[in-house]
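For the record, in the sequence shown the residue sitting at position 347 is 346 according to numbering that gives the first Met the number 0, with numbers rising by one throughout.
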Amino acid sequence: MSRPPHLERRGAVYYVRIRLPSTHSQALEIADFRRSLATKDYVIAKRRCIEAARWFHRTVERMARSGLLDREQLEEAARAYFAQLVMDVDQPRELPAEDYQNALAFQIEQTEGEIERQEDHLTAHSYTDGDRIAARAMLKPMGVDFDKLEPNGQIAALSHVARAKRQQMRYLLHGLKTPASRFSPDDELFAQGHGAPVVLETINPAATGPKIIRPELTLANAVTEYNAYLVRTERQGSTRDETARVLRWLQEEIAPETPVAHITHDQMREFRNCLLQLGAGAQGKKLPFRHRLALPGQANLKFVTRQRYWRFTTKFFGWLQAEYRIPNPTKDLPFEGGRNELRQSPEPFSTEELKRFLQTPLFTGYKSHSRMMAEGSSLIRNGYWWSAALMMFTGARAGDIAQLLPSDFRLDDAVPHLIIQPGKLPEGVPKRSKFGPRTHKVPLHPALLELGLKEFVEARAKLHPGKRLLFEISIGKNRMSDGMTKFWSRYLHEFDLFKPGRATHVHRHTMAARLRAAGVTNEDIGAVLGHSDGSVTAGYGGDQGLERKLATLKKLDHGFDVVKALGGSYDPKVHRY
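Now the structure itself:
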C-alpha cells in the first residue's frame with residue numbers, strides 16, 4: 000500500500016492533514032484540518048489516516064448541505080468570553096513578600112508556557128475536554144448548541160476559545176511584566192475598543208447548570224496559589240519543582256480555566272491512569288504529557304516515582320478542600336502497583352571501591368582547578384576535596400554540606416561539632432534542608448581534625464568572609480545539592496565508580512553500612528544521620544547527645560587507613576587551601 004496523501008510525521012508521531020475547501024476555510028479561518036493519529040507505528044498510522052480522510056470528506060458533504068456556524072455570531076461570543084477571562088485575571092493576587100522575585104518569575108514562566116500550549120492547540124486543532132466545556136459555555140448565550148454543530152463548526156468554536164485563552168494569558172503576562180503600561184491585544188478579534196480592560200457582557204458558566212462553588216477559582220488560579228503556598232511554607236525545591244511539573248501535566252488534561260469545583264472524579268481517574276502509564280526515558284525532555292506515556296512493550300517509570308507524582312496531585316486537591324471547602328475529586332482513588340518492582344537504593348562503596356576513589360587525582364594530585372580529573376602535582380585541599388571528606392566522616396546530605404557556613408562549626412567546644420541549622424546564605428536565599436526549622440548536630444570525627452578541618456574553616460572565615468565554606472561549589476535555584484551532584488556524578492563516571500543514585504548519597508550509605516558491620520544499632524546510626532523512627536517516644540528528651548554520637552562515629556572502620564589515603568595529617572608546609 001502506498002503512503003496516503005494526507006499522512007504527515009511530526010517528530011516520532013504521525014498526523015493527518017487535509018486542506019479545507021476555500022469556502023469553508025474562509026468562513027472558519029482554518030486553512031487545514033490536522034489531527035494527531037496518536038501512534039508512532041507507520042502501519043497503524045496509514046490505516047487511521049485513511050479512516051480520518053473518509054470521515055473528513057463525509058463531513059464536508061454534510062456541511063455543504065447544512066451550512067456553517069455564523070462567523071459574526073461566533074466572534075461576538077468569543078469577545079464576551081474573553082471579557083470574562085479578563086475579569087478573572089483582574090482578581091486580586093498576592094505574591095509572598097519574602098520571595099517575591101522567585102514567585103513572580105515562576106508566574107511568568109507558567110504564563111508563557113500556557114501561551115505556548117494554546118498556540119499548539121491552534122496549530123494542531125487538537126483540543127481538550129475543558130476546551131469543549133468552555134465552548135459550550137461561550138455559545139450558550141447566543142442560543143447555539145455546541146454539540147449540535149457539524150465537526151468543523153465545533154473546531155471553529157474551539158479555535159476561538161483557544162484564541163481567547165491565549166489572549167487572556169498575554170493580558171496576564173503584560174500585567175506581570177509591565178503593569179504600568181496600557182495593554183493592546185495582538186489578536187484583532189479582541190482589539191476592537193480595547194483600552195483599559197473593557198467590561199463586556201459576561202458569560203457565567205454557573206448559570207447554565209448546577210451552582211459552582213467559587214466559580215472564579217479556576218484550575219490555573221488554584222495552581223498559582225498552591226505554588227505560592229509551597230514557596231511561602233518553604234517546602235523543598237525538589238518538592239516544588241515536581242509539584243509544578245505534575246500540575247502542568249494536569250492542565251494539559253483539564254483546561255486551565257475550568258473551575259476546580261467542576262473537576263470530576265472521572266477526570267481524575269483518567270489522570271491517575273495516565274500517571275500509571277508514564278514511561279521511562281522521558282525525564283528531562285520537553286514533551287507533552289500524553290507523549291510521555293509508555294507504548295505497549297516499553298518500560299514504565301519507576302513505580303515509586305509515579306506514586307510520588309500522584310501524591311503531589313492528591314495533596315493539591317487536599318489543600319483546596321481545606322482552604323476552600325471544595326470537594327476532593329481524588330478521594331478514595333487508589334494508586335496501586337509496583338509489587339514486583341525492585342526498589343533500588345544507592346549501593347555503598349566496598350572497601351576496594353573506596354580505595355580506588357581515594358586514588359583518583361583529586362586526592363593524589365590533579366592538574367589544575369579546572370582539570371581536577373586529570374593527574375598532576377596540585378595537592379590543594381579545596382572545597383571539592385573537603386566536600387568528600389565531610390560526607391565520608393559525617394554522613395550528612397550533600398545539600399546540607401554545600402550550605403555550611405564557617406559559623407556553623409563549633410571547633411573549640413568539648414565535643415567539636417557542626418550544626419545543620421536554618422539561616423540565610425550569602426547568596427541572599429534562606430537555607431533549605433530536610434530538617435526544616437530544626438537543628439541537627441554532628442560531632443566531628445577525629446580524622447577530620449587530623450586532616451586540618453579546624454585550620455581550613457578558620458582560614459576560609461578570614462580570607463573569604465561572608466561566603467559559604469565550600470563556595471567553589473554552586474547551589475541550585477531550588478535544589479541546594481545541584482552543584483555537588485553535577486560534579487560528583489561526572490567524577491564517579493570518569494573513574495568507573497558510578498552506579499544508580501551514587502553521586503553524593505553513596506557516602507551516607509557507605510557510613511551506614513560500615514557502622515552496621517561494626518555492630519552499631521540502627522537507633523545510633525539514625526541519630527548520627529539525622530533519621531527519626533517516627534515514634535512519640537523518640538521525640539521525648541531531645542536529640543541524642545554529642546558524646547554518644549561521637550562514640551558511634553569512632554566505631555567507623557573503612558577497612559584501611561583513610562587519613563593516610565587522603566594525604567596524611569595536615570602539614571601547613573605541604574597542604575594548601
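Virtual Cβ for every residue (Gly too), placed ideally from N, Cα, C.
As the structure is a computational prediction, the values presented were derived from the model and not from experiment.
Nearest neighbour of Arg-437 by Cα position, chosen from Ala-516, His-530 and Thr-509, turns out to be His-530.
In the structure shown, Ser-377 falls within a strand segment according to DSSP collapsed to helix, strand and coil. Non-local C-beta neighbours of Ser-488 in its own chain, meaning closer than 6 angstroms and more than five positions away in sequence, comprise Ala-502, ordered along the chain. The beta carbon of Arg-355 lies closer than 8 angstroms to those of Phe-494 and Leu-496 in the same chain, with the five residues before and after it left out. The C-beta distance from Ala-76 to Leu-148 rounds to 12 angstroms, too long to fall under 8 angstroms, and the pair is not in contact.
When rounded, the separation of the alpha-carbon atoms in His-506 and Lys-548 is 18 angstroms. For the 7 angstroms CB-CB criterion, Ala-298 and Ala-281 do not form a contact.
Leaving aside the five residues that flank Asn-101 on each side, the residues in its chain whose CB is nearer than 7 angstroms to its CB run, in chain order, Val-230. Non-local C-beta neighbours of Ser-125 in its own chain, meaning closer than 7 angstroms and more than five positions away in sequence, comprise Arg-34 and Ser-35, ordered along the chain. Ranking Leu-552, Pro-499 and Asp-542 by CA distance to the CA of Ala-517 puts Leu-552 first. Separation of Ile-418 and Arg-380 (C-alpha to C-alpha, rounded to the nearest whole angstrom) is 22 angstroms. Contact annotation: Lys-39 and Ala-11 have beta-carbon atoms nearer than 7 angstroms. Residue pairing by DSSP places Val-12 opposite Arg-9 in a beta bridge. Closest in alpha carbon position to Pro-415, among Leu-443, Glu-426 and Pro-429, is Leu-443.
When C-beta atoms of the segment 380-398 are compared with those of the segment 461-473, three or more pairs fall below 8 angstroms, so the two segments count as touching.
Taking 4 residues as the shortest admissible run, the segment 103-179 contains the following complete alpha helix (DSSP H) segments, listed from N- to C-terminal end: 128-138 and 150-176.
Residue burial annotation: Trp-54 is exposed, with fewer than 16 other C-beta atoms found within 10 angstroms of its C-beta. Inclusion of His-173 and Pro-345 in the CB contact set at 7 angstroms is not warranted, their separation being larger than that value. Contact check for Phe-392 against Leu-452 fails: the beta carbons are separated by 7 angstroms or more.
Taking 4 residues as the minimum length, the alpha helix (DSSP H) runs contained wholly in the segment 474-502 are 481-493, in order along the chain. Just measuring C-alpha positions, the residue of Glu-7, His-5 and Ala-37 sitting nearest Arg-291 is Ala-37. Burial is judged here by how many other beta carbons sit within 10 angstroms of a residue's own beta carbon; Gly-129 has at least 16 and is buried.
Annotation: His-508 is outside any beta strand (DSSP E); the continuous alpha helix (DSSP H) that includes it extends over 504-516. By a beta-carbon distance limit of 8 angstroms, Glu-113 contacts Met-168. Their separation comes to about 5 angstroms. The beta-carbon separation of Arg-18 and Glu-7, rounded to 12 angstroms, does not stay under the 8 angstroms limit for a contact.
Assigned with DSSP and collapsed to three states, Arg-575 falls in coil, not helix or strand. Taking C-beta atoms as the reference points, Met-483 and Ala-395 fail to come closer than 7 angstroms. Look at Tyr-365 here: in three-state DSSP terms it is strand.
Residue range 439-442 is occupied by the beta strand (DSSP E) that includes Lys-440, with no alpha helix (DSSP H) assigned at that position.
Cβ atoms of Arg-431 and Glu-269 stay farther apart than 8 angstroms, at about 35 angstroms. Separation of Ala-156 and Asp-331 (C-alpha to C-alpha, rounded to the nearest whole angstrom) is 36 angstroms. By a beta-carbon distance limit of 8 angstroms, Gln-166 does not contact Pro-178. Their separation comes to about 17 angstroms.
Pairing Gly-566 with Gly-500, the inter-Cα distance amounts to about 28 angstroms. In the structure shown, His-416 adopts extended strand secondary structure according to DSSP, grouped into three states.
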